[in-house]
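Presented below is the structure to which this report refers.
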Amino acid sequence: MQKIFLTFFYSGCAPKASGTFGTIAALIPAFFILRYLGSTTLVLLSFLIFLISIRVIDDYEKSTGIHDDKHIVIDEVAGVFLACAIAANASNSLLNFIMAFVFFRLFDITKPSIIGKIDKKVKGGLGVMLDDMAAGLFAGLLSAVIYGILIKFDLLFWDKKLIDLF
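Taking full-length UniProt numbering, the leading residue of the sequence shown gets 1, the next gets one more, and so forth.
Here is the structure:
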């Protein structure tokens with residue numbers, strides 16, 4: 001059961017780019033949660049996963065001796081849920097949903113600024129989860145800001161009603 005949870009239904013078991021596969025797998029429930037339950041529910045779920053995962057990852061690391069195993073993608077799930085929820089508050093558009101995903105992966109992979117510091121200095125399950133939550137926060141905010149700029153300067157070249165997802 002622990003492996004199913006940590007690998008998000010085995011999506012993290014991909015031989016390469018397990019974080020990306022886990023994030024893509026998380027987009028499916030994120031879409032439906034946003035569509036039917038709203039962004040507040042997705043934020044709350046993100047924080048619930050965050051809190052539960054800290055202990056589960058600590059137990060896993062203690063039993064295996066491996067810190068931040070590449071197959072653990074529950075951190076990506078919580079982070080991208082947060083990014084999508086924040087972005088959806090700016091707009092329920094496909095563009096914003098995609099931007100949240102792209103920026104989340106960019107921040108999760110490159111770990112700029114505070115995200116990298118968290119990754120290096122915070123140990124255990126909290127460290128595994130916290131850098132992805134920070135990446136999700138910044139990805140969601142950046143998506144919302146860019147979308148706002150596109151709207152403000154009328155740079156969206158298609159009918160905005162056609163891109164509403166939620």
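Note that CB positions come from ideal geometry on N, CA and C, so glycine has one too.
These figures come from a predicted structure and were not determined experimentally.
Query                                                                                                           : Result
First through last residue of the alpha helix (DSSP H) which encompasses V56                                    : 39–64
At least 3 beta-carbon pairs within less than 8 Å: the region 33–40 vs the region 105–123                       : no
Span separating the alpha-carbon of A139 from that of D75                                                       : 14 Å
Closest residue to F97 among F104, F103, C84, N89 (Cα-Cα distance)                                              : C84
Given L142 as reference, the closest of G124, L95, K123 once Cα atoms are compared                              : L95
Identity of the residue in S53, K117, L44 nearest G8 by Cα                                                      : Note that residue 8 corresponds to Phe in the displayed sequence, not to Gly. With distances taken between Cα atoms, F8 lies closest to S53.
Span separating the alpha-carbon of K152 from that of A87                                                       : 16 Å
Pairwise C-alpha distance: I28 and D68                                                                          : 24 Å
Through-space distance from G127 to D119, alpha-carbon basis                                                    : 6 Å
Spatial neighbours of L150 in its chain, beta-carbon cut-off 6 Å, leaving aside the 5 residues before and after : L156
Cβ-Cβ separation, V80 to F101 (assumed contact under 8 Å), whole Å                                              : 6 Å
Where A17 falls, given that 16 or more other Cβ within 10 Å makes a residue buried                              : exposed
Proximity test, Cβ basis, 7 Å: L142 and chain D                                                                 : Included in the structure is just one protein chain, with no chain D present.
Beta-carbon proximity list for I72, same chain, < 8 Å, skipping 5 on both sides                                 : L6, T7, G12, I57, Y60, V128
Host alpha helix (DSSP H) of M129 (start-end)                                                                   : 124–152
Residue span of the alpha helix (DSSP H) that contains S113, given as start and end                             : 113–121
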